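Here the structure is laid out as structure tokens; the discussion comes afterwards.
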Amino acid sequence: MLKYIYSILLFSIWLPIVGLSQTGQLTVKLPSIIVKNIDYDITLEVDSSMGNIINGKHINLLVNNKITTVYFQNNSGSFVHRFTKKEKFTISMDKLFFTKTISPIPLWFSIIPPMLAILFALWFREVLTAIFIGLFSGTFIISFFQGNNIFMSIIYGFFHIADTYIINVLNSPDHLSIIVFSMLIGATVIIITRNGGMQGVIRKLSKYAQTRRSGQFITMIMGIVIFFDDYANTLIVGNTMRPITDKLKISREKLAYIIDSTAAPIASIAFITTWIGAELSYIQSGINSLNINETPYFIFL
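Here you go:
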């Protein structure tokens, strides 16, 4: 009680002499997903009647009984807060008050969805089901730490996969371009296979792949030759070399390892690939932070 009274007195001392409207409304925007020990921007919005009074001023608030100074502009202001444990998050500004119980997600929980996806992929020997289980575990964790019980978290987690996360992914032009590109490459591979082109390639390569070692070597060369995209590399080389490696009794796991070892690495260092745009943007970010007077493509080369 004494601590609360002390905080109120201290707050009244530091609060700028600004008459806040008693009928104003305070809206607090919190992140939808809160992870423990991560800094988040908390945005405060007030109505226009209060905004006309406090815009352009630094206002002292009580955030969890601690004074925090917020600068308001255009009827809104923000401050940084870190959630370290489950807490009753409170904000007090003159006559306005906000409170909500926050349960931050432990950071190590982020490895649970990919770990489950990998384990179930090895168990089921099927990827789509494993990925769905990984997604569901993530949405379940998010829903549970948002204050829902286990039963409701299962329901919300299941439906949020479709109505929130898949929809958001499909709304991204970058994600859609990858999906469409992969579908077009897959369709091209099917067309080549149906018209006999794949059999012709297999017959040509079979002359050079007579042993297990030569079969693996040809697979590696194919992975290097098809350098323009890692997805195209995987689809084309995998479908082309699978009959040959099966004939030479090379395991599917070994084939997957060789393809994966040449697909992304080659696509990331080749001069003209579908990854070059993303890589140049990463390099440009480093150039800006280090203040280097060079072009990103020059550094890439």
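The numbering of the sequence shown is the numbering used here, which starts it at 1 and goes up by one. Using N, Cα and C, we set each Cβ at its ideal position, and we do this for glycine too. Bear in mind that the values here come from a model prediction, so they are computed numbers and not experimental data.
Does DSSP put residue i in a helix, in a strand, or in coil?
| i | result |
| --- | --- |
| S32 | coil |
| Q199 | helix |
| F298 | helix |
| Q210 | coil |
| N55 | coil |
| T274 | coil |
| L280 | helix |
| Q216 | helix |
| W123 | helix |
| N288 | helix |
| I269 | helix |
| I105 | strand |
Find the nearest neighbour of residue i within the set the options, judged by alpha-carbon distance.
| i | options | result |
| --- | --- | --- |
| L26 | A267, L44, S137 and I131 | L44 |
| T139 | N149, F124, I161 and T129 | I161 |
| I244 | K36, I226, K204 and A263 | K204 |
| L184 | R212, S143 and L235 | L235 |
| V35 | L107, A278, F158 and T164 | L107 |
| G304 | E87, N65 and D47 | The displayed coordinates of the chain run from 1 to 301. Any statement about residue 304 would go beyond what the structure contains. |
| I142 | F159, V127 and R212 | F159 |
| N52 | N74, I38 and N37 | N74 |
| L28 | L122, Y208 and M93 | The sequence as given places Val at residue 28; Leu does not occur at that position. The shortest Cα separation from V28 among L122, Y208 and M93 belongs to M93. |
| A270 | S285, L255, G223 and A256 | G223 |
| L255 | F217, L119, N37 and L128 | F217 |
How long is the line joining the alpha carbons of residue i and residue j, rounded to whole angstroms?
| i | j | result |
| --- | --- | --- |
| I54 | S289 | 35 Å |
| D260 | E253 | 10 Å |
| Y71 | P104 | 26 Å |
| S21 | M50 | Note that S21 scores a pLDDT of 32, beneath 50, so its modelled location is shaky and nothing firm can be said. |
| K247 | G186 | 23 Å |
| F136 | N291 | 43 Å |
| A130 | P114 | 9 Å |
| F228 | T274 | 6 Å |
| W14 | E87 | Here the model assigns W14 a pLDDT of 38, short of 50, so the residue's position is not dependable and the matter cannot be decided. |
| T193 | N148 | 51 Å |
| I299 | L61 | 48 Å |
| N233 | S177 | 17 Å |
| I167 | L30 | 22 Å |
| T164 | S214 | 48 Å |
| G238 | V180 | 19 Å |
| S251 | Y282 | 37 Å |
| I33 | F145 | 9 Å |
| D230 | T84 | 40 Å |
| I102 | S110 | 18 Å |
With a threshold of 8 Å between beta carbons, is residue i in contact with chain C?
| i | result |
| --- | --- |
| E294 | Any reference to chain C falls outside this structure, which holds one protein chain only. |
Near residue i, which residues of its chain fall below 7 Å by C-beta distance, leaving aside the five closest residues on each side in sequence?
| i | result |
| --- | --- |
| H81 | Y40, I42 and V63 |
| V201 | T240 |
| A117 | A130, I131, I133 and G134 |
State the start and end residues of the unbroken alpha helix (DSSP H) segment that holds residue i.
| i | result |
| --- | --- |
| S137 | V127 to F145 |
| I150 | I150 to H160 |
| F181 | P173 to R194 |
Can you give me the start and stop residues for the beta strand (DSSP E) that residue i sits inside?
| i | result |
| --- | --- |
| G77 | S76 to R82 |
| I42 | D39 to V46 |
| L96 | L96 to I102 |
| S92 | E87 to M93 |
| T247 | Correcting the residue identity first, residue 247 is Lys in this sequence and not Thr. Here K247 belongs to no beta strand (DSSP E); instead the alpha helix (DSSP H) covers D230 to K247. |
| Y165 | That residue, Y165, is in no beta strand (DSSP E); it is neither H nor E in DSSP. |
| I67 | K66 to Y71 |
Looking at residue i and the ligand ZN, is the gap between the Cβ and the nearest heavy atom below 7 Å?
| i | result |
| --- | --- |
| L248 | Absence of the ligand ZN from the depicted structure is noted, as is the absence of any ligand whatsoever, leaving it without description. |
Near residue i, which residues of its chain fall below 6 Å by C-beta distance, leaving aside the five closest residues on each side in sequence?
| i | result |
| --- | --- |
| F79 | I42, T68 and V70 |
| T219 | M241 and I258 |
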